[in-house]
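Working notes, structure below.
Numbering (my numbering), first residue to last: 183 to 482.
Set out below in structure tokens:
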């Protein structure tokens with residue numbers, strides 16, 4: 183195992199350690215493979231990270247061992263890694279900001295396998311750029327049922343003249359993102375998400391739950407509206423997940439969601455996502471650019 187070496191990425195020289203260390207034992211996926219994935223996915227991933235405070239989920243000894251969340255940017259960061267300061271109740275948290283490929287490589291070398299950005303950008307942290315509906319299946323429900331609920335959620339949002347874009351979580355569920363890029367603040371977007379989740383539960387009480395109690399989720403899809411908060415993070419699109427295989431939170435088409443609702447598998451590994459990038463580009467690109475206003479819900 184090589185202990186340490188230097189690589190040149192995007193005009194920056196980075197020291198990388200333990201390049202051959204296996205981080206996904208079941209798949210034989212090494213730190214070098216993680217670095218390679220984040221290097222190659224950077225063109226489509228960076229627009230979803232730029233200007234956003236990021237919480238790191240680090241697995242220094244691999245995905246089968248202990249992990250930790252890191253909000254404060256590591257003190258030993260290179261001088262060219264920016265931070266975004268956000269006051270909390272007791273201190274100021276210096277979140278990591280990643281604006282370029284060398285930054286992604288630096289995180290990969292830290293075994294920051296999962297990247298969890300806030301829903302807002304540094305220019306105005308009070309304004310979310312999107313509403314996220316996190317569809318979480320309670321066993322024995324699976325992503326199949328998530329897809330079925332996502333289709334109904336899309337139909338409801340369409341009644342409100344809102345476009346939405348699905349992605350897998352890279353784990354057992356999926357998210358549906360509604361671009362805003364508007365003047366809406368978190369209190370408004372969170373209330374909107376809550377009302378929509380409650381309405382979905384009212385329409386589909388046997389399949390959907392909007393209440394937070396875990397005991398109510400068995401066999402249903404919990405629509406987690408609470409993620410739409412200024413302090414909450416959601417796994418980034420294109421982020422690796424710390425599962426037995428190097429799966430990825432992957433943007434998908436609505437045709438794929440339709441097929442997923444019929445039982446087709448919707449779980450993609452790093453190599454598959456890189457192939458999809460070549461074929462599809464960034465299916466989630468409109469989430470960063472499409473401007474939509476929160477609607478009046480009185481008509482529902």
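The beta-carbon is built from N, C-alpha and C at its ideal position, and this holds for glycine as well.
Residue 371, enclosing alpha helix (DSSP H) - first and last residue:
368-385
If residue 324 and residue 362 are in contact, beta carbons under 8 Å, what's the gap, nearest whole angstrom?
That pair is no contact at about 30 Å.
Express the C-alpha separation of residue 220 and residue 471 in angstroms, rounding to a whole number.
23 Å
Would you kindly report the start and end of the unbroken beta strand (DSSP E) that includes residue 252?
250-252
Under a three-way DSSP split, which group does residue 420 fall into?
coil
Close-in-space but distant-in-sequence residues of the same chain around residue 355 (CB under 6 Å, 5 per side omitted):
317, 318, 319, 328
Using only alpha-carbon positions, find the residue among 462, 429, 254 that is nearest to residue 453.
429
Just mark residue 195 as buried or exposed, buried being the case when its beta carbon has 16 or more other beta carbons within 10 Å.
exposed
Skipping 5 residues on each side, what residues in its chain have a beta carbon closer than 8 Å to that of residue 207?
244, 245, 246
Can you confirm whether the region 449-468 touches the region 245-260 when touching is taken to mean that 3 or more C-beta pairs between the two stretches lie within less than 8 Å?
no
Cβ separation of residue 283 and residue 377, assumed to be a contact under 8 Å, to the nearest whole Å
Not confirmed; about 40 Å, so no contact.
For a test of the three-state rule: what should DSSP assign to residue 342, helix, strand or coil?
coil
Taking residue 420 as the reference, which of 367, 348, 383, 389 has the closest Cα?
348
Determine the direct distance from the alpha carbon of residue 393 to that of residue 380, and round the result to whole angstroms.
8 Å
Neighbourhood of residue 266 by C-beta, 7 Å cutoff - its chain only, sequence neighbours within 5 removed:
235, 277, 279, 304
Quick one: Cα of residue 417 to Cα of residue 374, how far?
21 Å
Delimiting residues of the beta strand (DSSP E) encompassing residue 350
347-350
Within the continuous alpha helix (DSSP H) that includes residue 240, where are the two ends?
From DSSP, residue 240 is part of no alpha helix (DSSP H) but of the beta strand (DSSP E) over 236-240.
Rounded C-beta distance between residue 294 and residue 239? I'm assuming under 8 Å.
7 Å
Give the single residue among 263, 302, 216 whose Cα lies nearest to the Cα of residue 411.
302
Residues near residue 242 by beta carbon distance below 6 Å, same chain, minus five either side:
293
Which runs of the alpha helix (DSSP H), 4 residues or longer, sit entirely within the region 192-223?
none
Apart from the five residues just before and just after residue 450, which ones in its own chain have a Cβ nearer than 6 Å to its Cβ?
430, 432
Cβ of residue 308 within 8 Å of Cβ of residue 474?
no
Mind reading off the beta-carbon distance from residue 231 to residue 322? Whole number of angstroms is fine, and I expect it under 8 Å.
That pair is no contact at about 35 Å.
Drop a sphere of 10 angstroms on the beta-carbon of residue 359, count the other beta-carbons inside from all chains shown, and report buried for 16 or more, exposed for fewer.
buried
Straight-line Cα distance separating residue 264 from residue 202:
28 Å
Looking only at DSSP bridge pairs, what is residue 257 linked to?
Looking at the DSSP assignment, residue 257 forms no beta bridge with any residue, so it has no partner.
Between 262, 281, 253, 326, which has its C-alpha nearest residue 270's C-alpha?
253
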